[in-house]
Amino acid sequence: MPTVIDGRKISKDIKEEIAHRVDGLKAEGKRVPHLAIIIVGDDAPSHTYVNGKINACKEVGFEYTLLHFANSLSEEKLIKHITKLNEDDDIDGFIVQIPLPDHISVEHVNEKISPDKDVDGFTNQNFGSITSTHHLLLPATPFGIMELLKRYEIKTKGKECVVVGASRLVGSPVSLMMLQDGMATVTVCHEFTKDLSKHTRQADILIVAVGKPNLITKDMVKKNAVIIDVGTTRVEDKTRKSGFRLSGDVDYENVAPLASYITPVPGGVGPMTIASLLLNTLKAYEARKI
Ligand code: NAP
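The sequence shown begins at 21 in the working numbering and counts up by one.
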């Protein structure tokens, strides 16, 4: 049976390390890191994610500010709030929770975030720094995946890594990180890839970030592969109080027996995204020296 990669445990360890650092800052009479979160509208999953981020700030002792705006907020007004946060010396880092309403361009918004405070690692400067030896604030979910591999001492150098999904949020940055820091041979697959399983079967490390439950079945996976499932889709489940459960992109039950390591959904990559956000906020704070 595989080793199940426990993202909750690693995330907890990271939070304890950060909380220890914050205690040290307090003992020295210094101010603590301050994260601001902007959320626009009432998308239920987004509010759940934001609550998780606020609770994480509380756990580690960060200050936090939540700015919640109505769905009708214009792009222009949102950019004004972003400019204010860029200029606010009390704020070390901030995020704009996505998705945004259709009338607001995520790209326009990202362009306005100061890279020094972009703790989600979305801006072009931070994304581009993946390929430099001097990393800035790395994209949060891919950073979390790399941290999981590191803390489980999973060797990546020279391995065949196949990434399924090529989004700017996860697939593309994690491929670059596996190439740059992981020193793996990387193949990136997307919606138009012909014969997906031909590629996935080659993978020593398979990272899947698509958002299609059960896309990866057991016939698509090499024996002893390391499987990282980023997919998080709400599927109806009437047996649950909430009426839904979260599903990954991998047919976990049938794929797990073949794997050497595997991340569950939930409890794998998800908790690491929040841990990375906290690490980035601490890094942004330390870089400011105020
Ligand atoms: P996205 O922007 O929709 O991108 C999906 C990617 O999958 C695209 O590159 C798309 O290809 C590719 N794709 C679609 N159908 C495919 C198929 N049949 N075969 C191969 N590739 C296919 O999604 P995302 O933002 O990257 O998120 C992906 C999943 O990860 C979602 O379930 C999301 O909820 C989850 N996620 C989880 C976390 C976390 O913290 N756990 C964080 C972020 C995202 P094209 O480029 O050709 O369109």
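Virtual Cβ for every residue (Gly too), placed ideally from N, Cα, C.
May I ask you to check if the CB of residue i is nearer than 8 angstroms to at least one heavy atom of the ligand NAP?
{"i": "serine 217", "result": "no"}
{"i": "lysine 232", "result": "yes"}
{"i": "cysteine 209", "result": "yes"}
{"i": "valine 60", "result": "no"}
{"i": "phenylalanine 264", "result": "no"}
{"i": "aspartate 269", "result": "yes"}
{"i": "threonine 237", "result": "no"}
{"i": "phenylalanine 212", "result": "yes"}
{"i": "glycine 185", "result": "yes"}
{"i": "leucine 169", "result": "no"}
{"i": "alanine 229", "result": "yes"}
{"i": "glycine 191", "result": "yes"}
{"i": "threonine 161", "result": "yes"}
{"i": "threonine 68", "result": "no"}
{"i": "valine 275", "result": "no"}
{"i": "glycine 141", "result": "no"}
{"i": "valine 255", "result": "no"}
{"i": "valine 126", "result": "no"}
{"i": "glycine 287", "result": "no"}
{"i": "threonine 252", "result": "yes"}
{"i": "glycine 148", "result": "no"}
{"i": "glycine 164", "result": "yes"}
What's the call for residue i, buried or exposed, on a 16-neighbour Cβ count within 10 Å?
{"i": "methionine 198", "result": "buried"}
{"i": "histidine 40", "result": "exposed"}
{"i": "phenylalanine 147", "result": "buried"}
{"i": "alanine 64", "result": "exposed"}
{"i": "aspartate 239", "result": "exposed"}
{"i": "asparagine 144", "result": "exposed"}
{"i": "valine 255", "result": "exposed"}
{"i": "glycine 44", "result": "exposed"}
{"i": "lysine 170", "result": "exposed"}
By DSSP, does residue i sit in helix, in strand, or in coil?
{"i": "leucine 120", "result": "coil"}
{"i": "glycine 150", "result": "According to the sequence displayed, residue 150 carries isoleucine and not glycine. In this structure, isoleucine 150 counts as helix in the three-state DSSP scheme."}
{"i": "arginine 51", "result": "coil"}
{"i": "glutamate 312", "result": "Outside the displayed range of the chain (21 to 310) lies residue 312, so it cannot be described from this structure."}
{"i": "valine 42", "result": "helix"}
{"i": "aspartate 136", "result": "helix"}
{"i": "glutamate 173", "result": "coil"}
{"i": "threonine 301", "result": "helix"}
{"i": "leucine 168", "result": "helix"}
{"i": "leucine 87", "result": "strand"}
{"i": "threonine 23", "result": "strand"}
{"i": "valine 285", "result": "coil"}
{"i": "valine 126", "result": "helix"}
{"i": "valine 190", "result": "coil"}
{"i": "valine 270", "result": "strand"}
{"i": "aspartate 108", "result": "coil"}
{"i": "glutamine 145", "result": "helix"}
{"i": "alanine 307", "result": "helix"}
{"i": "leucine 199", "result": "helix"}
{"i": "lysine 29", "result": "helix"}
{"i": "asparagine 311", "result": "Beyond the ends of the chain as shown, which are 21 and 310, falls residue 311; an answer cannot be given."}
{"i": "glycine 185", "result": "coil"}
Quick one: what's residue i bridged to in DSSP?
{"i": "aspartate 249", "result": "Val228"}
{"i": "alanine 76", "result": "Bridge partners of alanine 76: none, in fact."}
{"i": "isoleucine 115", "result": "Ile57"}
{"i": "phenylalanine 264", "result": "Glu256"}
{"i": "threonine 205", "result": "Glu180"}
{"i": "isoleucine 236", "result": "Val270"}
Any heavy atom of the ligand FAD inside 8 angstroms of the beta-carbon of residue i?
{"i": "methionine 292", "result": "Ligands present in the displayed structure are limited to the ligand NAP, and the ligand FAD is not among them."}
Original post:
Are the segment 212 to 220 and the segment 256 to 267 touching, with three or more C-beta to C-beta distances below 8 angstroms?
Top reply: No, the segment 212 to 220 is not in contact with the segment 256 to 267.
**OP:** Mind the definition here: the segment 235 to 252 touches the segment 276 to 285 only if three or more C-beta pairs lie below 8 angstroms; say whether that holds.
**Re:** Yes: at least three Cβ pairs fall under 8 angstroms.
Original post:
Can at least three beta-carbon pairs, one atom from the segment 35 to 53 and one from the segment 291 to 303, be found at a separation below 8 angstroms?
Top reply: Short answer: they touch.
Subject >> Any 3 or more C-beta pairs closer than 8 angstroms across the segment 287 to 297 and the segment 152 to 165 >> reply: Cβ pair count under 8 angstroms is three or more, so yes.
**OP:** Evaluate the contact criterion for the segment 57 to 71 versus the segment 86 to 95: three or more CB pairs, one atom per stretch, below 8 angstroms.
**Re:** Look at the beta carbons and you see the segment 57 to 71 touching the segment 86 to 95: at least three pairs across the two are nearer than 8 angstroms.
Original post:
Looking at C-beta atoms only, is the number of pairs between the segment 265 to 273 and the segment 134 to 147 that lie closer than 8 angstroms three or more?
Top reply: By the Cβ test, the segment 265 to 273 is not in contact with the segment 134 to 147, since fewer than three Cβ pairs between them sit closer than 8 angstroms.
Original post:
Is it a yes or a no for the segment 68 to 80 touching the segment 118 to 133, going by three-plus beta-carbon pairs under 8 angstroms?
Top reply: The answer is no - the segment 118 to 133 does not touch the segment 68 to 80, with fewer than three Cβ pairs under 8 angstroms.
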